[in-house]
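Before any comments, here is the structure.
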Amino acid sequence: MYDPHIRINKWNVWYGSDHALVNITADIPAKGITTIIGPSGCGKTTLLKSMNRLLDEMAGTRVKGQVWLDGINIYDPGVDVTEVRTRVGFLAPKPFPLPMSIYDNVAYGPRIHRHTLNSRGGNDHDLDGIVENNLRAAGLWEEVKDRLRTSATRLSTGQQQRLCLARALAVEPDVLLCDEPTSALDPIAAQKIEAQLQALKKERTIVVVTHMLRQARRMADYVILLWMGELVETGPAMQVFVNPRDERTRAYLDGDIG
Ligand SMILES: Nc1ncnc2c1ncn2[C@@H]1O[C@H](COP(=O)(O)OP(=O)(O)OP(=O)(O)O)[C@@H](O)[C@H]1O
Ligand SMILES: [Mg+2]
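Per this note's numbering, numbering through the sequence shown is continuous, rising by one, with the last residue being 276.
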């Protein structure tokens with residue numbers, strides 16, 4: 019039907035004895051925005067964090083199944099987790115700028131990445147371009163271009179979240195995972211993040227967890243609906259929102275559950 023970027027196959031997660039995700043099979047298409055929706059506690063964040071190995075590092079967590087990224091199961095023993103995290107970025111619900119300048123926040127990932135690769139050589143002159151491009155991509159450049167060397171912690175919460183977006187983008191991930199990326203923001207700041215993600219989806223695969231149905235309706239090209247750890251329905255947004263196949267999807271969309 020469409021080209022999957024990530025394939026989740028018979029995926030299970032346990033926290034201790036709590037079976038948080040049960041046999042989930044779903045595709046994340048390449049490019050566009052996939053939203054993961056469902057009532058609180060249904061496993062949205064757990065599924066999102068499954069896609070870049072943020073999950074299995076937590077003590078007491080057990081997983082079973084596969085998550086394929088471009089044909090590689092990221093849970094195979096030999097897989098380089100750092101490489102996975104470079105290719106699959108993460109934007110958290112609350113902005114957490116590093117306690118350093120705006121410039122250094124965005125340059126942080128590329129500097130480490132370059133150090134790790136120990137190639138290209140590069141200097142801060144190259145970094146200037148990287149910082150500018152990614153601040154532009156996050157819709158923040160015009161607001162901060164004259165104070166790049168000031169502390170990031172002085173930015174407003176909405177600006178901080180766009181800075182975190184710029185920081186995530188700076189290592190050029192193919193996939194960007196966003197967990198309730200606007201939940202800490204006022205409506206105007208939220209709208210700015212939404213607009214940037216809409217622009218970025220032409221180049222990248224974006225997965226957005228949201229509990230706001232109206233946001234999902236605005237943003238989604240594809241939808242994954244979870245309910246109590248199980249997959250209820252997945253497919254193109256038009257189909258899931260307009261013509262759902264499952265009774266529980268109808269109930270959720272009608273506001274009867276969640
Ligand atoms: N670190 C953890 N340890 C133990 N149980 C956890 C942990 N994280 C999540 N859970 C449990 O796993 C289930 C799924 O949680 P998850 O955070 O993925 O849901 P969610 O859909 O993102 O919820 P919300 O909309 O409230 O953010 C819940 O029952 C939750 O209590
Ligand atoms: Mg969550």
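Cβ atoms here follow ideal geometry from the backbone N, Cα and C, with glycine treated the same way.
Problem - Closest Cα partner of N70 within the set V227, F108, R236, I242 - result: Counting from one through the sequence shown, the residue named residue 70 turns up at place 52. It is F108.
Problem - Contacts around H37, its chain only, beta-carbon distance under 6 Å, and the 5 residues preceding and following it disregarded - result: Here residue 37 refers to the residue found at position 19 of the sequence shown. There are no such residues.
Practice task
State buried or exposed for E160, treating a residue as buried only when at least 16 other CB atoms are found within 10 Å of its CB.
Solution key: The count along the sequence shown starts at 1 and reaches residue 160 at position 142. Exposed, since its Cβ has fewer than 16 Cβ neighbours within 10 Å.
Handout entry: Residue burial classification, Q178 (beta-carbon count within 10 angstroms, cutoff 16)
Key = As a first step, residue 178 must be located in the sequence shown, where it is residue number 160. Counting Cβ neighbours within 10 Å, Q178 comes out buried, since at least 16 surround it.
Exercise for the section: Using the Cα positions of I148 and V250, report the straight-line distance between them to the nearest angstrom. Expected result: On the sequence shown, position 130 is the one that residue 148 refers to. On the sequence shown, position 232 is the one that residue 250 refers to. I148 and V250 have their C-alpha atoms roughly 41 Å apart.
Practice task
Output the distance between the C-alpha atoms of D74 and G34, rounded to the nearest integer angstrom.
Solution key: Within the sequence shown, residue 74 is the residue found at index 56, counting from 1. Within the sequence shown, residue 34 is the residue found at index 16, counting from 1. Their backbone Cα atoms lie some 12 Å apart in a straight line.
Practice task
May I ask you to check if the CB of K220 is nearer than 7 Å to at least one heavy atom of ligand 2?
Solution key: Position 202 of the sequence shown, counted from the start, is the residue given in the question as residue 220. False, no ligand heavy atom lies under 7 Å from that Cβ.
Problem - Unbroken stretches of the beta strand (DSSP E), 3 residues or longer, contained in the stretch 201–259 - result: 223–227, 240–245, 248–254
Handout entry: Between the CA atoms of R132 and V99 - distance to the nearest angstrom
Key = Within the sequence shown, the letter at position 81 stands for residue 99. Within the sequence shown, the letter at position 114 stands for residue 132. Between the C-alpha atoms of V99 and R132 there is a straight-line separation of about 17 Å.
Exercise for the section: Spatial neighbours of P262 within its chain, please: CB distance less than 7 Å, with the 5 preceding and 5 following residues excluded, ordered by chain position. Expected result: Translated into positions along the sequence shown, residue 262 becomes position 244. Excluding the 5 residues flanking it on each side, P262 has same chain C-beta neighbours closer than 7 Å at E251, R268, L271, in chain order.
Exercise for the section: In angstroms with no decimal places, state the Cα-to-Cα distance between R129 and C182. Expected result: Counting from one through the sequence shown, the residue named residue 129 turns up at place 111. Counting from one through the sequence shown, the residue named residue 182 turns up at place 164. The alpha-carbon atoms of R129 and C182 are separated by roughly 16 Å.
Problem - Status (buried if at least 16 other CB within 10 Å, exposed otherwise) for I26 - result: Taking the first residue of the sequence shown as position 1, residue 26 is located at position 8. Buried, because 16 or more other Cβ atoms sit within 10 Å of the Cβ of I26.
Practice task
With a 10 Å radius around its C-beta and 16 neighbouring C-beta atoms as the bar for buried, classify S58 as buried or exposed.
Solution key: Numbered from its first residue, the sequence shown carries residue 58 at position 40. Exposed, since its Cβ has fewer than 16 Cβ neighbours within 10 Å.
Exercise for the section: Would you check if the distance between the CB atom of R3 and the CB atom of L87 is smaller than 8 Å? Expected result: Any question about residue 3 goes unanswered here, given that the chain covers just 19 to 276.
Practice task
From the DSSP output, in three-state form, read off S58 for me.
Solution key: Along the sequence shown, read from residue 1 onward, the residue named residue 58 stands at position 40. Three-state DSSP puts S58 in coil, outside helix and strand.
Practice task
Assuming L66 and L195 form a contact by the criterion Cβ under 8 Å, report the distance between their Cβ atoms to the nearest whole angstrom.
Solution key: For the purposes of this step, residue 66 is identified with residue 48 of the sequence shown, where counting begins at 1. For the purposes of this step, residue 195 is identified with residue 177 of the sequence shown, where counting begins at 1. Contact holds; Cβ gap of about 5 Å.
Problem - G83: first and last residue of the uninterrupted beta strand (DSSP E) it sits in - result: The residue labelled residue 83 in the question sits at position 65 within the sequence shown. Unbroken beta strand (DSSP E) run through G83: 79–87.
Problem - Segment limits, beta strand (DSSP E) that includes Y33 - result: Indexing the sequence shown from 1 puts residue 33 at position 15. Taken as a continuous stretch (DSSP letters only), the beta strand (DSSP E) holding Y33 covers 22–33.
Handout entry: Identity of the residue in S169, F259, D197 nearest A110 by Cα
Key = Working through the sequence shown from its first residue, we reach residue 110 at position 92. That would be D197, whose Cα lies nearest to the Cα of A110.
Handout entry: Supposed close pair A44, H23 - CB separation, criterion 8 Å
Key = Mapped onto the sequence shown, residue 44 falls at position 26. Mapped onto the sequence shown, residue 23 falls at position 5. No, A44 and H23 are not in contact; Cβ-Cβ is about 12 Å, not under 8 Å.
Exercise for the section: Measure the C-alpha to C-alpha separation of L215 and L244 and round it to an integer number of angstroms. Expected result: Reading the sequence shown from its first residue, position 197 is the one you call residue 215. Reading the sequence shown from its first residue, position 226 is the one you call residue 244. Distance between the alpha carbons of L215 and L244: 22 Å.
Practice task
With a cut-off of 8 Å on the beta carbons, I'd call Y121 and R185 a contact; round off their distance for me.
Solution key: Counted from its first residue, the sequence shown places residue 121 at position 103. Counted from its first residue, the sequence shown places residue 185 at position 167. 11 Å between Cβ atoms; not a contact.
Handout entry: Under the three-state DSSP convention, the category C70 falls into
Key = As a first step, residue 70 is located in the sequence shown; it is residue number 52 there, counting from the start. It is Asn, not Cys, that sits at residue 70 in the sequence shown. In this structure, N70 counts as coil in the three-state DSSP scheme.
Problem - Three-state class that DSSP yields for S137 in the structure shown - result: The sequence position of residue 137 within the sequence shown is 119, counting from 1. Only weak support exists for where S137 lies, its pLDDT of 49 falling under 50; the coordinates are left without a value.
Problem - Residue range of the beta strand (DSSP E) that includes A44 - result: Along the sequence shown, one-based indexing puts residue 44 at 26. Secondary structure note for A44: its beta strand (DSSP E) is the uninterrupted segment 36–47.
Handout entry: Buried/exposed call for V227, threshold 16 Cβ in 10 Å
Key = Within the sequence shown, residue 227 is the residue found at index 209, counting from 1. Per the 10 Å Cβ criterion, buried.
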